[in-house]
Amino acid sequence: MRFRAKITSKDFIELFIQVSVTVGRLAKVCVLRVSEDKLCFSPAGPMATGEAQLWCEVRRGVFGQFHMQGVSQELREIYLELKADLWSRAARSAGKATSLKLQLTNKHCPCLTLSVELLSVSGSVRKAVHDVPVRVLPIRWWAECPEPVIRAPEMSVCLPASKTLKNIVEKMAHMSSHVLVEANWHGSMNLSVETDTVCVQSHFNHLENPSKPARDTPRGDEDAERMVQVRVDSRKLLQFFEGQQIHPTSILCNILSNALHLVVVHENVSLHYFIPAA
Amino acid sequence: MLKCTMNGGQLKVFGKTIQALARLSNELWLDPSKQGLVLRSINSSCSAYGYALFSPVFFEQYQWSTSGTMNHDDIPLTLNFKFTMQFLLPIFKCLNFLERNVEKCKMFTKSGKCRFIIQLFCKHSIKKTHNLRFEESRPIQVLLEKNMCTNILVIQPRLLAETVVLFPSNLEEVTLAVTSVDFCLRSSNEQAADMNSSVRSSMCVDRDEFDFFQIGLDTEVTFCLKDLKGFLTLCEAVRGPVAIHFDFPGRSSPARARLTLGQSRSSQAAESISRKISRKRLCPTESPPESGAQENHSSPLKKRAPSREQPDRECSPVFRRVSTERLG
């Protein structure tokens, strides 16, 4: 079982740090699945009722060098359980690094070693090494960390600017513990909270709908204007906007019958965040 | 008897020094003398000591005379003023504000009443007066045997601060490991509480980054990171090079590391002395090793007051004689 990878591009180092910090904020413990073509940060264990779940993939193209050898010839993967906040703190030290290296090592215990080379003010190279302890998961536990089943959503819309949404959701979270998210195929989206004394709604129009599923042939404007909704915990939604650090191409909001599925779309990274319906 | 004045900029540096020393202890000793005004603090486990000397040239005006108190031999008794940081710190809370708004700051003692007055003359004719009570106490005795230090390093504080910031903020201790070619800071192995769930970090700094690099003996010294960070924030205010003098724990003398900061123009010297945690080796029967961070431990060492006079071979040995050295 071996793993060694290196990033030398400044932009990709920045991206990797953003991914690590996001994972640190949105999950407590996660499983890093090392495959031949990507790294995945996935939930540790099956989805607990009511808990939001994160799944984040970093494609091999981010790494200048990538060598891995799985647990066996047939099972070419490695599953490592780690504490997300420890990982995120170690990765954060790589800001402004010239190179970032990941390696599976066995020091005082199995570790994922993050080695960073930094250029100091005086121009010389400085090395920082962080040994993040991990737990190598045995094969019999792999079944408990399946890939998420991504069902076709009932509604899908591209979100407006994260910063705006974050401010709105932050204020809404103060008012109520739940927020209603609804959208339609005309590019309209509403966020609303309701308490005994007040009802607040934020409307967004002219948003883009990603391609509709084939079975949904247009049945007329009436159908396209129908709002599909889901009610979620406002704090969990806020946590997503506060924790999400990646600068994406876009963020998709998929409304399912029992969850809100947020997708951060980026050329080399994809992040899925599932918030169960409340 | 002390009377001194400074402007907003000088007050900011003075305030930063107090903030840095506050990280060590809740008590501050103010010791005026002919050489200048000395600020000192020592942590409760006597493993770290901070000292800053502001020479008369630093102030706009500096007047000092021996205290009116005499001992029974009619020799003037030089006493320190001891303050509680809790009451002193709020005065220096917003340093940028002080720098911009204070036109003049006057500090003086009221003889016979144990009162220290700080008057801030601010813009728009606003005058703020702080009236602080102090205790008179004997000065802390500190033993600094500079000639015992075989290792000397001089580095710009910013380079050191850049290294230190890479460690997780909740890390208590760091170990400095040097060889003739290497300088390495790493998280201390001695925090073995939960080895498998904490990150071990290490940073290596190239010897070319040092203004002066002399290592007589390969050694390892352990610091409380909080103490070191406190000292480095002070260095940022003064912007002088940092000199680190240290050796290694031997049988009869513990290791000590001394960081000195000197700047010729403002004539201020600051020192922070932290001791290596070598207690386990020297005194195996003693209670767990002290560190600045473990202040809740009721170690027998804490009961020995800093003014202890006996030469010490064992666990709180460092502090015996005051040294008022400065660089620059």
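The listed protein sequences derive, respectively, from chains L and Z. All residue numbers for the first sequence refer to the working numbering, where the first residue is 1 and numbers rise by one. All residue numbers for the second sequence refer to the working numbering, where the first residue is 1001 and numbers rise by one. The beta-carbon is built from N, C-alpha and C at its ideal position, and this holds for glycine as well.
Where the beta strand (DSSP E) through residue i begins and ends
| i | result |
| --- | --- |
| Gly-1050 (chain Z) | 1048-1054 |
| Ile-275 (chain L) | 269-276 |
| Leu-1039 (chain Z) | 1036-1042 |
| Ile-1091 (chain Z) | Note, Ile-1091 (chain Z): premise wrong, no beta strand (DSSP E); not H, not E. |
| Thr-1219 (chain Z) | 1219-1224 |
| Asp-85 (chain L) | Taken as a continuous stretch (DSSP letters only), Asp-85 (chain L) belongs to no beta strand (DSSP E), being part of the alpha helix (DSSP H) at 84-92. |
| Arg-2 (chain L) | 2-7 |
| Pro-133 (chain L) | 125-133 |
| Thr-1129 (chain Z) | 1127-1133 |
| Met-155 (chain L) | 155-158 |
| Gln-73 (chain L) | It is not in any beta strand (DSSP E) - Gln-73 (chain L) carries neither H nor E in the DSSP assignment. |
| Trp-1064 (chain Z) | 1061-1064 |
| Thr-98 (chain L) | 97-106 |
| Pro-148 (chain L) | Premise fails: Pro-148 (chain L) is in no beta strand (DSSP E) and is neither H nor E. |
| Phe-1341 (chain Z) | The structure shown does not extend to residue 1341 (chain Z), since chain Z is modelled only from 1001 through 1328, so no value can be given for it. |
| Ser-35 (chain L) | Premise fails: Ser-35 (chain L) is in no beta strand (DSSP E) and is neither H nor E. |
| Cys-109 (chain L) | Neither: Cys-109 (chain L) is in no beta strand (DSSP E) and is coded neither H nor E. |
| Asn-1080 (chain Z) | 1080-1084 |
| Asn-254 (chain L) | 250-255 |
| Phe-1167 (chain Z) | From DSSP, Phe-1167 (chain Z) is part of no beta strand (DSSP E); its letter is neither H nor E. |
| Leu-137 (chain L) | Careful: Leu-137 (chain L) lies outside any beta strand (DSSP E) and carries neither H nor E. |
Neighbouring residues, chain L, relative to residue i (Cβ below 8 Å)
| i | result |
| --- | --- |
| Arg-1158 (chain Z) | Val-121 |
| Val-1330 (chain Z) | With chain Z covering only 1001 through 1328, there is no way to say anything about residue 1330 (chain Z). |
Neighbour list for residue i in chain L, Cβ cutoff strictly below 7 Å
| i | result |
| --- | --- |
| Pro-1168 (chain Z) | Arg-89 |
| Asp-1208 (chain Z) | Ser-124 |
| Val-1205 (chain Z) | Arg-126 |
CB-CB length for residue i against residue j, believed under 8 Å
| i | j | result |
| --- | --- | --- |
| Ser-1188 (chain Z) | Ser-1201 (chain Z) | That belief does not hold up - the Cβ atoms of Ser-1188 (chain Z) and Ser-1201 (chain Z) are roughly 11 Å apart, past 8 Å. |
| Val-58 (chain L) | Lys-38 (chain L) | 6 Å |
| Ile-1155 (chain Z) | Glu-1209 (chain Z) | 7 Å |
| Val-62 (chain L) | Phe-3 (chain L) | Incorrect: roughly 15 Å between the Cβ atoms, too far for contact. |
| Lys-6 (chain L) | Gln-65 (chain L) | 4 Å |
| Cys-158 (chain L) | Pro-110 (chain L) | Between Pro-110 (chain L) and Cys-158 (chain L) the Cβ distance is about 41 Å, and since that is not below 8 Å, they are no contact. |
| Val-263 (chain L) | His-272 (chain L) | 6 Å |
| Arg-33 (chain L) | Glu-77 (chain L) | 6 Å |
| Cys-1105 (chain Z) | Ile-1117 (chain Z) | That belief does not hold up - the Cβ atoms of Cys-1105 (chain Z) and Ile-1117 (chain Z) are roughly 11 Å apart, past 8 Å. |
| Gly-45 (chain L) | Glu-144 (chain L) | 5 Å |
| Val-23 (chain L) | Leu-54 (chain L) | 7 Å |
| Glu-182 (chain L) | Val-228 (chain L) | 6 Å |
| Thr-1233 (chain Z) | Lys-1012 (chain Z) | No, Thr-1233 (chain Z) and Lys-1012 (chain Z) are not in contact; Cβ-Cβ is about 13 Å, not under 8 Å. |
| Leu-1217 (chain Z) | Thr-1150 (chain Z) | 5 Å |
Chain L residues whose Cβ lies nearer than 9 Å to that of residue i
| i | result |
| --- | --- |
| Ser-1202 (chain Z) | Lys-127, Ala-128, Val-129, His-130 and Asp-131 |
| Glu-1162 (chain Z) | Leu-118, Ser-120, Val-121 and Arg-126 |
Start and end residues, alpha helix (DSSP H) containing residue i
| i | result |
| --- | --- |
| Pro-1157 (chain Z) | 1157-1164 |
| Val-1013 (chain Z) | 1008-1022 |
| Gln-239 (chain L) | 234-243 |
| Glu-14 (chain L) | 10-26 |
| Val-169 (chain L) | 162-175 |
| Leu-1095 (chain Z) | 1095-1101 |
Chain-ordered neighbours of residue i on chain Z, where CB pairs are closer than 7 Å
| i | result |
| --- | --- |
| Leu-86 (chain L) | Val-1199 |
| Ser-93 (chain L) | Leu-1166 |
Neighbour list for residue i in chain Z, Cβ cutoff strictly below 8 Å
| i | result |
| --- | --- |
| Lys-83 (chain L) | Ser-1197 |
Handout entry: Contact the segment 1040-1059 of chain Z vs the segment 1008-1024 of chain Z: 3+ CB pairs below 8 Å
Key = Yes, since at least three Cβ pairs between the segment 1040-1059 of chain Z and the segment 1008-1024 of chain Z fall closer than 8 Å, the two stretches touch.
Practice task
Decide yes or no for the touch test of the segment 93-101 of chain L against the segment 8-25 of chain L: beta carbon pairs closer than 8 Å, at least 3 of them.
Solution key: Yes, since at least three Cβ pairs between the segment 93-101 of chain L and the segment 8-25 of chain L fall closer than 8 Å, the two stretches touch.
Problem - Touch test, the segment 123-139 of chain L against the segment 222-241 of chain L, Cβ-Cβ under 8 Å, three pairs minimum - result: Not touching, per the Cβ criterion.
Problem - the segment 252-261 of chain L contacting the segment 147-165 of chain L, beta-carbon criterion three pairs below 8 Å - result: Three or more Cβ pairs closer than 8 Å define a contact, and the segment 252-261 of chain L meets that threshold against the segment 147-165 of chain L.
Practice task
Say whether the segment 1003-1018 of chain Z touches the segment 1096-1105 of chain Z, bearing in mind that this needs 3 or more beta-carbon pairs closer than 8 Å, one atom from each stretch.
Solution key: Flag = yes, the segment 1003-1018 of chain Z and the segment 1096-1105 of chain Z touch.
Practice task
Determine, using beta-carbon pairs with one atom in the segment 182-192 of chain L and one in the segment 240-248 of chain L, whether at least three such pairs fall under 8 Å.
Solution key: Verdict: no, contact absent.
Handout entry: Three-pair Cβ contact test at 8 Å for the segment 1160-1173 of chain Z versus the segment 1119-1131 of chain Z
Key = Segment contact: the segment 1160-1173 of chain Z against the segment 1119-1131 of chain Z, fewer than three CB-CB distances shorter than 8 Å; contact not assigned.
Problem - Continuous beta strand (DSSP E) assignments of at least 3 residues falling wholly in the segment 181-206 of chain L - result: Those beta strand (DSSP E) runs which fall completely within the segment 181-206 of chain L and span 3+ residues are 189-194 and 199-204.
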